[in-house]
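Enquirer: I am attaching a structure below and will ask some questions about it afterwards.
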Amino acid sequence: MARLAGGVVLVTAHDEDDGPAGAPAGMTATAFLSVSLSPPLVLVSVRSGSRMDDVLERAPRWAASLLSQEQRVLAGRFAMSGRLSDRLLFREVPHTLGERSGAPLVKGALATLECETESRVAAGDHTLVIGRVLDTTLDGEAGEPLLYYRGAYRRMG
Numbered sequence: 001m002a003r004l005a006g007g008v009v010l011v012t013a014h015d016e017d018d019g020p021a022g023a024p025a026g027m028t029a030t031a032f033l034s035v036s037l038s039p040p041l042v043l044v045s046v047r048s049g050s051r052m053d054d055v056l057e058r059a060p061r062w063a064a065s066l067l068s069q070e071q072r073v074l075a076g077r078f079a080m081s082g083r084l085s086d087r088l089l090f091r092e093v094p095h096t097l098g099e100r101s102g103a104p105l106v107k108g109a110l111a112t113l114e115c116e117t118e119s120r121v122a123a124g125d126h127t128l129v130i131g132r133v134l135d136t137t138l139d140g141e142a143g144e145p146l147l148y149y150r151g152a153y154r155r156m157g
């Protein structure tokens, strides 16, 4: 499967259980795809038992920012195990909070989607989270997509 190129997405949510006011949570995903146009549905695959799996199980609404080539470092930061806390990572990430989800939306992303979980499906060591798209924004100035291929981030062309 390393030979199947995929787009790179930062999946985010607001974790109500992290401190008195909650905190942002995020993870880099390369298994993200469109499921349906009517209704608009997307799917993200999350490692079962991970922090993000737990957060998405509790938080009915979440977001996805489709990353551009220029956001390679950001993708790497949210993909590392043993990384800094999400609260600290988001301090360095230009973002806004989604009106529908309360989740961080990364500035400069190709597009952002705010979603509501429709269903969760156990699939081996992962959970497939299917979300209904509630809102989208497009960055008219965005460049080319960031890709993941053969175990590394890549550029088109």
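Residue numbering for the sequence shown follows full-length UniProt numbering, beginning at 1 and increasing consecutively.
Ideal placement from N, C-alpha and C gives every residue a C-beta, glycine not left out.
For my contact list, Gly22 and Leu10 are in at a C-beta cut-off of 8 Å; report their separation, rounded to the angstrom.
Expert: Numbered from 1 along the sequence shown, position 22 holds the residue referred to as residue 22. Numbered from 1 along the sequence shown, position 10 holds the residue referred to as residue 10. Actually they are not in contact, since the Cβ atoms of Gly22 and Leu10 sit about 18 Å apart, beyond 8 Å.
Enquirer: Can you look up Glu70 in the DSSP assignment and give me helix, strand or coil?
Expert: Taking the sequence shown and counting its residues from 1, the one referred to as residue 70 is at position 70. Helix, per DSSP.
Enquirer: Please list the terminal residues of the continuous beta strand (DSSP E) segment that includes Asp15.
Expert: By 1-based counting over the sequence shown, the position of residue 15 is 15. Segment Val9 to Asp15, the beta strand (DSSP E) holding Asp15.
Enquirer: So Ser45 packs on Ala31, CB below 8 Å; how close in whole Å?
Expert: Numbered from 1 along the sequence shown, position 45 holds the residue referred to as residue 45. Numbered from 1 along the sequence shown, position 31 holds the residue referred to as residue 31. The Cβ separation is near 4 Å, so the contact holds.
Enquirer: So is Ser119 buried or exposed if we call it buried at 16+ other beta carbons inside 10 Å?
Expert: Translated into the one-based positions of the sequence shown, residue 119 becomes position 119. So Ser119 ends up on the exposed side.
Enquirer: Closest to residue 158 by C-alpha separation, out of Leu37, Arg155 and Leu105, would be which residue?
Expert: As shown, the chain starts at 1 and ends at 157. That puts residue 158 outside it, with no answer to give.
Enquirer: From what residue to what residue does the beta strand (DSSP E) around Asp125 run?
Expert: Within the sequence shown, numbered from 1, the residue matching residue 125 stands at position 125. Careful: Asp125 lies outside any beta strand (DSSP E) and carries neither H nor E.
Enquirer: I think Asp139 touches Gly98, with their Cβ atoms under 8 Å apart; what is that distance to the nearest whole Å?
Expert: Here residue 139 corresponds to residue number 139 of the sequence shown, with the count starting at 1. Here residue 98 corresponds to residue number 98 of the sequence shown, with the count starting at 1. About 15 Å; that fails the 8 Å criterion.
Enquirer: Just reading off the alpha helix (DSSP H) that Val55 is part of, what are its end residues?
Expert: Start at 1 with the first residue of the sequence shown, and residue 55 comes out as number 55. It spans Arg51 to Arg58 - the alpha helix (DSSP H) in which Val55 sits, taken as one unbroken run.
Enquirer: By how many angstroms is the C-alpha of Ala29 removed from the C-alpha of Ala79?
Expert: Position 79 of the sequence shown, counted from the first residue, corresponds to residue 79. Position 29 of the sequence shown, counted from the first residue, corresponds to residue 29. Rounded to the nearest angstrom, the two C-alpha atoms are 8 Å apart.
Enquirer: Measure the alpha-carbon distance for Arg132 versus Gly157 and round it to whole angstroms.
Expert: Numbered from 1 along the sequence shown, position 132 holds the residue referred to as residue 132. Numbered from 1 along the sequence shown, position 157 holds the residue referred to as residue 157. Cα-Cα distance, rounded: 32 Å.
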